[in-house]
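As structure tokens, the structure follows; a few thoughts come after it.
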Amino acid sequence: MDTFVINGGRRLSGRVRVNGSKNAALPVCAAALLTDGEVTLRDVPDLADLRNMYRLLGELGCEVVRGERGGGSGGGGGGVVKTGARDQALCHARYEVVKTMRASICTLGPLVAKRGHGRVSMPGGCAIGDRPVDLHLRGLAALGCEITLEAGDIVARAPKGGLRGATVFLGGPFGSTVLGTANVMSAAVLARGTTVIESAACEPEIVDLARMLSGMGAKISGAGSPRLVIEGVKELSGVEHAVMPDRIEAGTLILASAITNGEVTVENCPVDSLLAALDRFSAMGIGVSAEGQAKDPNRVTVRVTCERVIRPVEVTTQPHPGFPTDLQAQLMSVLTLADGNSVITERIFPERFLHVAELSRMGARLFRQGPTVIVSGVKELIGAPVMASDLRASAGLVLAGLAARGTTTVHRVYHLDRGYEQLEARLNALGADIRRVDDENLAKPTVSGEG
Ligand code: EPU
């Protein structure tokens, strides 16, 4: 297992380019199951989760070919992936694949819509919470699917004559569901008649998926709003689609610049999808200004500057357009160094605080009560061995390590690799000092075990 050894205290400067979005690319790949045609995807990041998705598509009878990378300065851009369905009799997403990648659930809607049935292992909980899929299943059931649980697998069967449009409410106790909306929308595009999804997720990744499906011939209106209206069509064609830039990676890079008091230029930044985050960054004294006039507000080159003293803020994570839960851990790292007390409340995954104990080991002053953490700013963080527990917590720890005095070792960076392509190389190109080493080659860490 790999570990990052970070020598902190270096100011970041230079240019870095944001990659294609992991969370947009995953449901978009699953939607390739909806057509007999060829699907060409551009700007797909090269990440463990995507590689798992290709393996899954292969097991579901698709041929997947990975092509050349695009690119730009500071890495980024992304690769090209082509898929085409070969054997439509294969409809089982097995436990072995699903357990490593929850987004596998997104294949259920396309499978049942196109092939009449799908079988996907029920995803379990993970480090950030229980993560149920009841809303996905409620939505598919409303379209006429018969849903059963067989040996730990969710089995969905379409009725005779195929799925039929319906009105579906996707609101849950923590708001809508992003992948649930993707799943139900991807099924409804081939249903007979009209589907209305009320309380649909408004996340930019849903807009990206709707754009791809529309390119295939689907009739979708309202993407990006809580009410999606879908007129089913008989069949969908192949498509070429460029995946949107990753707003969470962009936010992470902006915060990496800020926590080192650096001056980084971030290219391909999806500013329009990051407004709530940029609002909080601005309140903290982090300046993000566009360089020149961008044609696309989601592909802007921005210059990041930071006042010497970070100001404390109150932040509550919310569904889009609110502050994204996927930036909460990284933001917390920066706020540990603010001049005063900040309050962070997590409204999407109330247990998503595994980084709190690790940041405390670095000298952060954090007090958690339920879904809220009070962050009392300290003058400095001190390097320490810490354990990554989930993707975004890992990113938060890397940021803390960049700013800390001395050396921070972040163990289990495979979590980080699921969502950030070559993060250490890209940060090093900006002046960071991060070495990736195999755990075997490290002296035993002094942290206590997992148990
Ligand atoms: N929920 C339910 N029932 C459901 C589905 C969700 O109660 O059937 C609850 C969840 O437990 C949670 C809330 O609804 O409290 C929102 O969950 P959502 O379904 O929106 O999450 P997701 O679609 O499984 C995606 C991203 C996550 C991101 C969340 C929220 C992907 C692959 N994953 O998950 O990304 O945190 O939306 O924005 O798109 C990450 O990238 O690190 C990550 C975890």
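To convert a position in the sequence shown, counted from 1, into the working numbering, add 594. No residue lacks a Cβ here, since even glycine has one placed at the ideal position from N, Cα and C.
Counting only runs of at least 4 residues, the stretch 710-763 fully encloses the following alpha helix (DSSP H) elements, listed from N- to C-terminal order: 728-736. In terms of Cβ geometry, Leu975 and Thr930 form a close pair [threshold 8 Å].
Nearest C-alpha to Glu861 among Ala994, Ile748, Val599, Ala844: Ala844. If you ignore the 5 residues before and after Leu872, its C-beta comes within less than 6 Å of the C-beta of Val882, all in its own chain and listed in chain order. Put simply, the backbone Cα of Leu830 is about 30 Å away from that of Lys889. Closest option to Val898, judged by alpha-carbon separation, among Ser851, Val907, Pro891, Asp866: Ser851.
Rounded to whole angstroms, Met806 and Arg636 show a C-alpha spacing of 11 Å. For Met981, the enclosing beta strand (DSSP E) begins and ends at 979-981. Taken atom to atom, the span from the alpha-carbon of Gly1025 to that of Ser954 is near 26 Å. By the criterion of at least three beta-carbon pairs nearer than 8 Å, the stretch 960-968 is not in contact with the stretch 977-990. For Cys900, the uninterrupted beta strand (DSSP E) segment begins and ends at 894-900. Contact annotation: Asp640 and Gly673 have beta-carbon atoms nearer than 8 Å. About 5 Å separates the beta carbons of Val894 and Val865, which is inside the 8 Å limit, making them a contact pair. Beta-bridge partners of Arg645 (DSSP): none assigned.
Here Val692 really is in contact with Pro717; their C-beta atoms are around 6 Å apart, less than 8 Å.
For a cut-off of 8 Å, the C-beta gap from Gly661 to Lys676 is around 7 Å, short enough to register as a contact. For Ile722, the shortest C-beta to heavy atom distance toward ligand 1 is below 7 Å.
Taking a cut-off of 8 Å on C-beta distances, the stretch 775-786 touches the stretch 805-820, as three or more cross pairs fall below it. Proximity of the stretch 786-797 to the stretch 761-771 meets the contact definition, three or more beta-carbon pairs being nearer than 8 Å. Going by beta carbons, Leu803 and Pro918 fall outside the 8 Å limit. A straight line joining the alpha-carbon of Asn617 with that of Arg732 spans about 22 Å.
Distances taken from the Cβ of Asn617 to the heavy atoms of ligand 1 include one shorter than 7 Å.
DSSP places Ile968 within a strand segment (E or B) once states are collapsed to three. Counting only unbroken stretches of 3 or more residues, the beta strand (DSSP E) elements lying wholly within the stretch 779-818 are 788-792, 813-815, in sequence order. Your pair Gly977 and Gly995 checks out as a contact, with CB atoms roughly 7 Å apart and the cut at 8 Å.
Ser936 sits in a strand when the DSSP states are folded into three classes.
For Gln963, there is no enclosing alpha helix (DSSP H); the enclosing beta strand (DSSP E) covers residues 959-963.
Gly832 sits close to Gly631, with the two beta carbons spaced by under 8 Å.
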